[in-house]
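Q: In this note's numbering, the protein residues as written are -15 to 647.
Note that beta-carbon positions come from the ideal geometry of N, C-alpha and C, so glycine has one too.
In this text the structure is predicted, and so the values were computed from the model without any measurement.
Right, dumping it as structure tokens:
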């Protein structure tokens, strides 16, 4: 069993390669076409119309004695969240590169992540039948831009024609010499034998290549065409020989992770899960997400290109599970272990308001967006109760178009979007304290709460943020339920700080606490006017927290990306002024062997989209842009204010009136 991911920059040919692999393995009778909209993995109507992969999809085929669960992932950076989830369940990957375009921006991001995670990866250079296809130049590009440990596994002929072919090397001296050069970097015994002039058997080199590929130290490169089928047989042989099979003990404790959730025809949840250990059977009760559980009512596994019902599923496999009504993407099943969710890419940095064209659809829109967010956790929803609006977080403009089309196709909701804005964060710049004592005139709640707010340390370059809650009071000073209410309310209140943005990377310490114990009248009737309740702490905590935050002060930060531009040297004079107008700061400049110029630096996330739009015109269509989250930086110029979405603890009178109305 091998769980294999297909990854690439958009339009490199991932989905076409998936179709060709299924056909070559006999799992399907006819090769589907992305252009015709009849591929196996692009099942959504929107995917078929647009010709792009939006959701990851799982199919299965056999190579020799190995069953492969193949996961086709999106290539467009707007849907990087789908790739994020798949990475946690892979045994190996095939990174697809175009023989014409070569290494592109998303190719570098993906390979960097695969290497960091140690996922064994083969490279398939696709489209050798297209005009402009290259071999030697692509191999050099792979070595220069992705990893030096690449090994071309064969030779091409007829490049750029419909007759283009790929012939694997088989022990040729030049190939053996290249293997020694790459493998000896990681194998001292092989290096010693080479230096001593010993003859190294080819079988030993192949075995060492498989071992180092399995450790993600070497990266074999195959060439071919997903359209004509050239080189695909060699790739399949390489998948079987060079990538390691799934590991796991079916008799061990259950441990797995949920990487996808979809809805069935009846609206029921279906969880896609990879099991790392143990066996799950129908009617088993599973714990997931730490504190939730459910009874498995159905199981299907992928076999021969389709999903088939079965009574149980064991370690190493991917299965679809029915019956887990509260399951969410990223949930660990059973023991967390390796199955715990990991974050490899930055969160979305853009936000837009979704507005129904028919006001009567407001309620239905919120429910529909909640269901979409359930399937994609990085679609963050923000409800504005005052304006009756819903905002969603985004990676880019294409994702906005997909959400709009999905709402119309699947839910019958016609929506429009407001202008896309950048999501900023607030961080405390000092230390502030505040408290309210029970029984005083200024405190209408039966609770004592004191809080101190201060900045966390060493967080400048983090893509994901957190708030730490600490105690400076004795554990027994409050019932546990009240303590938990305070912490939950602190985190909820910090969703909007002094300027309306979420407050992150801070430490909040509970410094004072107190309550009135439960009291009853004669006959045991509970009197909440004499007894503290969770509501008292829930209502008082925002007042105290925002008072402490005002005394600490906050600064607004915006996301900044590091960028790399590759462009013709004669266009540099027009590109640099454009970068300056967009707030970008070039840091380094390099000149490549062909005279192309590389520029690296930092740019505000809000300017990335405009740079992408202007770059083709500035560089005659030859400029290549690569961007990735780098850090949060202080906003320069006017501070962007985000409208508050509910009560406003900054205004004590309005807040207390809000509480009275709510109660």
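What is the rounded straight-line gap between the Cα of residue 538 and the Cα of residue 614?
A: Translated into the one-based positions of the chain shown, residue 538 becomes position 554. Translated into the one-based positions of the chain shown, residue 614 becomes position 630. Their Cα atoms are separated by approximately 21 angstroms.
Q: Along the chain, where does the beta strand (DSSP E) containing residue 526 start, and where does it finish?
A: As a first step, residue 526 must be located in the chain shown, where it is residue number 542. Taken as a continuous stretch (DSSP letters only), residue 526 belongs to no beta strand (DSSP E), being part of the alpha helix (DSSP H) at 518 to 536.
Q: Are residue 269 and residue 277 touching if we call contact CB-CB under 8 angstroms?
A: If you number the chain shown from 1, residue 269 lands on position 285. If you number the chain shown from 1, residue 277 lands on position 293. Yes, they are a contact pair.
Q: Reducing DSSP to helix, strand and coil, say where residue 172 ends up.
A: For the purposes of this step, residue 172 is identified with residue 188 of the chain shown, where counting begins at 1. Of the three classes helix, strand and coil, the one that applies to residue 172 here is helix, per DSSP.
Q: When the Cβ atoms of the stretch -3 to 12 are set against those of the stretch 37 to 51, are three or more pairs found closer than 8 angstroms?
A: At 8 angstroms Cβ cutoff, the stretches touch.
Q: Taking the alpha-carbon of residue 109 as reference, which of 120, 354, 303 has the nearest alpha-carbon?
A: As a first step, residue 109 is located in the chain shown; it is residue number 125 there, counting from the start. Out of 120, 354, 303, 120 has the C-alpha closest to the C-alpha of residue 109.
Q: For residue 611 versus residue 521, is the C-beta distance shorter than 8 angstroms?
A: Looking up residue 611 in the chain shown gives position 627. Looking up residue 521 in the chain shown gives position 537. It is not a contact, given that the beta carbons lie outside the stated cut-off.
Q: Could you please give the first and the last residue of the uninterrupted beta strand (DSSP E) stretch that includes residue -12?
A: The sequence position of residue -12 within the chain shown is 4, counting from 1. Unbroken beta strand (DSSP E) run through residue -12: -14 to -8.
Q: Are the CB atoms of residue 4 and residue 210 nearer to each other than 8 angstroms?
A: As a first step, residue 4 is located in the chain shown; it is residue number 20 there, counting from the start. As a first step, residue 210 is located in the chain shown; it is residue number 226 there, counting from the start. It is a contact, given that the beta carbons lie within the stated cut-off.
Q: Can you tell me where the alpha helix (DSSP H) with residue 373 in it begins and where it stops?
A: In the chain shown, the residue the question calls residue 373 occupies position 389. From DSSP, residue 373 is part of no alpha helix (DSSP H) but of the beta strand (DSSP E) over 373 to 378.
Q: Pull up the CB-CB distance for residue 535 and residue 416, whole angstroms please, since I reckon it's below 8 angstroms.
A: Locating residue 535 in the chain shown gives position 551, counting from the first residue. Locating residue 416 in the chain shown gives position 432, counting from the first residue. Yes, residue 535 and residue 416 are in contact; Cβ-Cβ is about 3 angstroms, under 8 angstroms.
Q: Can you give me the C-alpha to C-alpha distance between residue 70 and residue 493, rounded to a whole angstrom?
A: Working through the chain shown from its first residue, we reach residue 70 at position 86. Working through the chain shown from its first residue, we reach residue 493 at position 509. If I take the Cα positions, the gap works out to 37 angstroms.
Q: Would you call the stretch 86 to 93 and the stretch 183 to 199 touching, i.e. three or more CB-CB distances under 8 angstroms?
A: No, because fewer than three Cβ pairs between the stretch 86 to 93 and the stretch 183 to 199 fall closer than 8 angstroms, the two stretches do not touch.
Q: Enumerate in chain order the residues of its own chain whose CB-to-CB distance from residue 224 is below 7 angstroms, with the five nearest sequence positions on each side excluded.
A: Numbered from its first residue, the chain shown carries residue 224 at position 240. Excluding positions up to five away in sequence, the list reads 47, 48, 50.
Q: For residue 256, name the three-state secondary structure that DSSP assigns.
A: Translated into positions along the chain shown, residue 256 becomes position 272. Note: residue 256 maps to strand in three-state DSSP.
Q: So the candidates are 161, 199, 198; which of them puts its Cα closest to the Cα of residue 181?
A: The count along the chain shown starts at 1 and reaches residue 181 at position 197. Cα-wise, what sits closest to residue 181 is 161.
Q: Could you spell out where the alpha helix (DSSP H) holding residue 103 opens and where it closes?
A: Within the chain shown, residue 103 is the residue found at index 119, counting from 1. First-last for residue 103: undefined, no H or E at that position.
Q: Roughly how many whole angstroms lie between the Cα atoms of residue 15 and residue 42?
A: Within the chain shown, numbered from 1, the residue matching residue 15 stands at position 31. Within the chain shown, numbered from 1, the residue matching residue 42 stands at position 58. If you take the alpha carbons of residue 15 and residue 42, they lie about 17 angstroms apart.
Q: Looking only at C-alpha atoms, which of 500, 336, 243 sits nearest to residue 403?
A: The residue given as residue 403 occupies position 419 in the chain shown. The option with the nearest alpha carbon to residue 403 is 336.
Q: Please report the straight-line C-alpha distance between residue 283 and residue 105, rounded to a whole angstrom.
A: Locating residue 283 in the chain shown gives position 299, counting from the first residue. Locating residue 105 in the chain shown gives position 121, counting from the first residue. If you take the alpha carbons of residue 283 and residue 105, they lie about 30 angstroms apart.
Q: Would you call residue 572 buried or exposed, if buried means 16 or more other Cβ atoms sit within 10 Å of its Cβ?
A: Stepping through the chain shown from its first residue, residue 572 is reached at position 588. Looking at its Cβ environment, which holds fewer than 16 other Cβ atoms inside 10 Å, residue 572 is exposed.
Q: Near residue 669, which residues of its chain fall below 6 angstroms by C-beta distance, leaving aside the five closest residues on each side in sequence?
A: For residue 669 there is no data in the structure shown, the boundaries of the chain being -15 and 647.
Q: Going by the CB atoms, is the gap between residue 618 and residue 541 shorter than 8 angstroms?
A: For the purposes of this step, residue 541 is taken as residue 557 along the chain shown, with counting starting at 1. For the purposes of this step, residue 618 is taken as residue 634 along the chain shown, with counting starting at 1. Yes, Cβ-Cβ distance for residue 541 and residue 618 is below 8 angstroms.
Q: So within the stretch 118 to 160, which uninterrupted alpha helix (DSSP H) runs reach at least 4 residues, ignoring any that extend past its ends?
A: Counting whole runs of 4 or more residues, the stretch 118 to 160 contains the alpha helix (DSSP H) stretches 120 to 129.
Q: Return the CA-CA distance between residue 393 and residue 377, expressed in angstroms with no decimal places.
A: Against the chain shown, residue 393 aligns to sequence position 409. Against the chain shown, residue 377 aligns to sequence position 393. C-alpha separation (whole angstroms): 21 angstroms.
Q: Using C-beta distances below 6 angstroms, list every residue in its chain close to residue 550, excluding the 5 sequence neighbours before and after it, in chain order.
A: By 1-based counting over the chain shown, the position of residue 550 is 566. Cβ within range, chain order: 580, 582, 608.
Q: If we ignore side chains and look at the alpha-carbon of each, how far apart do residue 569 and residue 86 end up?
A: In the chain shown, counting from the first residue as 1, residue 569 sits at position 585. In the chain shown, counting from the first residue as 1, residue 86 sits at position 102. Roughly 27 angstroms separates the two Cα atoms.
Q: Ignoring anything shorter than 3 residues or poking outside the stretch 404 to 436, list the beta strand (DSSP E) runs there in chain order.
A: You should have 409 to 412, 416 to 420.
Q: Can you check which of these residues, 456, 441, 432, 596, is closest to residue 516 by C-alpha distance?
A: In the chain shown, the residue the question calls residue 516 occupies position 532. Nearest option by C-alpha distance: 432.
Q: Are the stretch 140 to 158 and the stretch 167 to 184 in contact at 8 angstroms, needing three or more beta carbon pairs?
A: No, they do not touch.
Q: Using CA atoms only, rank isn't needed, just tell me which of 77, 118, 81 is closest to residue 98.
A: If you number the chain shown from 1, residue 98 lands on position 114. Of the listed residues, the one whose Cα sits closest to residue 98 is 77.
Q: Would you kindly work out how many angstroms separate the C-alpha atoms of residue 382 and residue 133, rounded to a whole number?
A: In the chain shown, residue 382 corresponds to position 398, counting from 1. In the chain shown, residue 133 corresponds to position 149, counting from 1. The straight-line gap from Cα to Cα measures roughly 35 angstroms.
Q: Using the beta-carbon count (16 or more within 10 Å), is residue 514 buried or exposed?
A: By 1-based counting over the chain shown, the position of residue 514 is 530. Answer is exposed; the Cβ neighbour count stays below 16.
Q: Check residue 111 in the structure and name its three-state DSSP category.
A: Within the chain shown, numbered from 1, the residue matching residue 111 stands at position 127. DSSP places residue 111 in coil when its eight states are reduced to three.
Q: Which stretch, first to last residue, makes up the beta strand (DSSP E) that contains residue 484?
A: Taking the chain shown and counting its residues from 1, one reaches residue 484 at position 500. Residue 484 -> no beta strand (DSSP E), and no H or E assigned at all.
Q: Per DSSP, what kind of secondary structure is residue 218 in: helix, strand or coil?
A: Residue mapping note: residue 218 aligns to position 234 of the chain shown, counting from 1. Helix, per DSSP.
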